[in-house]
Amino acid sequence: DAKTTQPPSMDCAEGRAANLPCNHSTISGNEYVYWYRQIHSQGPQYIIHGLKNNETNEMASLIITEDRKSSTLILPHATLRDTAVYYCIVRVATSGTYKYIFGTGTRLKVLA
Amino acid sequence: GAGVSQTPSNKVTEKGKYVELRCDPISGHTALYWYRQSLGQGPEFLIYFQGTGAADDSGLPNDRFFAVRPEGSVSTLKIQRTERGDSAVYLCASSFTGVTEAFFGQGTRLTVV
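Line by line, the protein sequences give chains F and S.
Using this note's numbering, the letters of the first sequence map in sequence onto residues 905 to 1016.
Using this note's numbering, the letters of the second sequence map in sequence onto residues 25 to 137.
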């Protein structure tokens, strides 16, 4: 079962920041939050991940609340090419094994 | 290689037939995952390999599904007696270790008619 909940869809104006929320209230202490996106007919693309600190890379920023029960992915200047389904994922680690549990994601549409 | 490679990209088979789907992970990646994605859904975990061994196969839906990775590199997902409900995109991903981020291939679209 998915450990995250996300809004099913969002719109964002081109050039503006896209803020995608995610709830993961049952996350455990050693479980990371990952974000992937999937553009139509392609495999999921890694964006960013974090444990408890905020993270930033060339694609996005990840803000994780202090209690770790929710996070926000920020695309600072959305472009039309950022239109995709964005998945917030909890990576489960059990006895040295790992798996990414996907939910249904947020369909982000960037509008010109 | 440059990325995770999956072959074939599309496979159409008749109900009841046997199919094999191949995944070539990124060179040097020891961890390998198989996922299945139905239309409009997020990817569903099937199996995780660390090296040659299946460390977690809890996502395989039934005993018609089997996966191997005999030399710790290429993996094959095998489906026996295919059913129409097996139609989906099968995704493979690999990572340097299970701890690092996984990179996905483009998937194999399986259609059972």
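No residue lacks a Cβ here, since even glycine has one placed at the ideal position from N, Cα and C.
One Cα belongs to GLN104(S), the other to GLY40(S), and the distance between them is close to 7 angstroms. When DSSP states are grouped into helix, strand and coil, ARG105(S) belongs to the coil group. When secondary structure is reduced to three states using DSSP, ARG1011(F) falls in the strand class.
The bridge partners DSSP lists for ALA922(F) are LEU979(F). Annotated three-state conformation of ARG93(S) is coil, per DSSP.
Taking 8 angstroms as the CB threshold, ASP48(S) stays off the interface with chain F. Secondary structure at ASP986(F): helix, using DSSP grouped into helix, strand and coil. The C-alpha of SER965(F) lies about 17 angstroms from the C-alpha of THR1010(F). DSSP places ASP48(S) inside the beta strand (DSSP E), whose first and last residues are 43-48. For VAL996(F), the pairing in a beta bridge is given by DSSP as LYS1003(F). Our two residues, TRP939(F) and TYR991(F), have alpha carbons roughly 6 angstroms apart in a direct line. Chain-order list of chain S residues neighbouring HIS953(F): GLU125, by C-beta distance under 8 angstroms. One finds PHE69 in chain S with Cβ atoms closer than 8 angstroms to the Cβ of ILE1005(F), taken in chain order.
If you ignore the 5 residues before and after SER33(S), its C-beta comes within less than 8 angstroms of the C-beta of GLN130, GLY131, THR132, ARG133, all in its own chain and listed in chain order. Under a criterion of Cβ atoms nearer than 9 angstroms, the residues of chain F adjacent to PHE128(S) are, in order, TYR940, GLN942, GLN946, GLY947, PRO948, GLN949, TYR950. Contact annotation: ILE1005(F) and LEU977(F) have beta-carbon atoms that are not nearer than 8 angstroms. Residues of chain F with a Cβ closer than 7 angstroms to the Cβ of GLN65(S) are, in chain order, THR1008. For ASP915(F), the secondary structure class from DSSP, reduced to helix, strand or coil, is strand. For SER29(S), the enclosing beta strand (DSSP E) starts and ends at 29-31.
Taking 8 angstroms as the Cβ-Cβ cut-off, the segment 68-91 of chain S approaches chain F at GLU68, PHE69, TYR72, GLN74, ALA79, ASP80, GLY83, given in chain order.
VAL113(S) and ILE71(S) have their alpha carbons spaced roughly 15 angstroms apart.
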